[in-house]
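In our numbering, the protein residues as written are 12 to 238.
All residues carry an ideal CB built from backbone N, CA and C; glycine is no exception.
Below is one structure, written out as structure tokens; comments come after it.
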Amino acid sequence: ELGSRDLGAVVAEADKLPSLKGLPPGISRPPSGDAERMAELFGSFGSAMLIGVLFIYVVLVLLFHDFLQPATILAALPLSVGGAFFALLVTHNSFSMPSVIGLLMLMGIVTKNSILLVEYAVMARREHGMARFEALIDACHKRAKPILMTTIAMVAGMTPIALGIGAEPSFRSPMAIAVIGGLLTSTVLSLLVIPVVFTYVDDLLLLLKRIAGRLHRANHGVGTAGP
12 ELGSRDLGAV
22 VAEADKLPSL
32 KGLPPGISRP
42 PSGDAERMAE
52 LFGSFGSAML
62 IGVLFIYVVL
72 VLLFHDFLQP
82 ATILAALPLS
92 VGGAFFALLV
102 THNSFSMPSV
112 IGLLMLMGIV
122 TKNSILLVEY
132 AVMARREHGM
142 ARFEALIDAC
152 HKRAKPILMT
162 TIAMVAGMTP
172 IALGIGAEPS
182 FRSPMAIAVI
192 GGLLTSTVLS
202 LLVIPVVFTY
212 VDDLLLLLKR
222 IAGRLHRANH
232 GVGTAGP
């Protein structure tokens, strides 16, 4: 019985025992039992997260008809991961399986918030002919309210779980703490970082278009100058 402690903390304490520190050469202590299953689950969840990010990128490419603009939306994911780890560190919770489940939940919510912001800016430029800076300012102004509403609702729903109210608080609390920390940091920083990333990606697209145009004109000039 682990009581209120998670398996990772117990395994870390066991590894500090004097009898396990100075093992002779050729002798090791491989994980077994619940620790072995936890290690396998961590590996499978890591693969699931990478596949999830890849699928999100593919769907965004199909929606935006662009290979670079979806990178703007995915830029919010590191912001949420950093916030989740910071929240776990402040609350003295280890990175465990519930935390990984919380990160998987974060991926969908944070991506949705970024889509709201970037999609509005793209449509404002395409349909209304707005300048890039004006479109970004208008997107942050118009989409800030629904993004904040989603964040507040999610944080309010996760707060009782983070406080340990209910059954199995040692399992569910780290998940809620990771979700709350990731949402708060991604919401605040996304309104600042996403427009900056959008600007750099847009500048890169313009540069690639200029290079492609010059190459096309050069090839066309060579073709017309030939015999």
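Collapsing the DSSP output to three states places residue 86 in coil. For residue 168, the enclosing alpha helix (DSSP H) begins and ends at 143-173. DSSP, read as helix, strand or coil, puts residue 130 in helix. Residue 128 holds the alpha-carbon nearest to the alpha-carbon of residue 150 among 134, 111, 128. Counting only the Cα atoms, residue 228 lies some 24 Å from residue 212. If you draw a straight line from the Cα of residue 98 to the Cα of residue 166, it comes to about 13 Å. Counting every other CB atom within 10 Å of its CB across the protein chains shown gives residue 162 a total of 16 or more, marking it as buried. Cβ-Cβ separation between residue 173 and residue 187: approximately 4 Å, consistent with a contact (criterion under 8 Å). Using a 10 angstroms sphere on the CB of residue 183, the tally of other CB atoms reaches 16 or more, which defines it as buried.
Between the C-alpha atoms of residue 59 and residue 214 there is a straight-line separation of about 33 Å.
Secondary structure of residue 102 (DSSP, three-state): coil.
Within the same chain, no residue comes within 6 Å of residue 123 by CB-CB distance, once the 5 residues on both sides are set aside. Annotation: residue 114 to residue 142 spans about 35 Å, alpha carbon to alpha carbon. Judged by their CB atoms, residue 185 and residue 177 are not nearer to each other than the 8 Å cut-off.
One Cα belongs to residue 198, the other to residue 221, and the distance between them is close to 35 Å.
In chain order, 83, 86 place their CB closer than 7 Å to the CB of residue 208, counting only its own chain and leaving out the 5 sequence neighbours on each side.
In this structure, residue 169 places its C-beta atom within 8 Å of the C-beta atom of residue 190. Within the model, the alpha-carbon separation for residue 139 versus residue 217 is close to 19 Å. With a threshold of 16 other beta carbon atoms within 10 Å, residue 230 falls short and is exposed.
Residue 78 sits in coil when the DSSP states are folded into three classes, being neither helix nor strand. Looking from the CA of residue 119, the closest CA among 210, 181, 224, 65 belongs to 65.
In the three-state reduction of the DSSP assignment, residue 58 falls in the helix class, which pools H, G and I.
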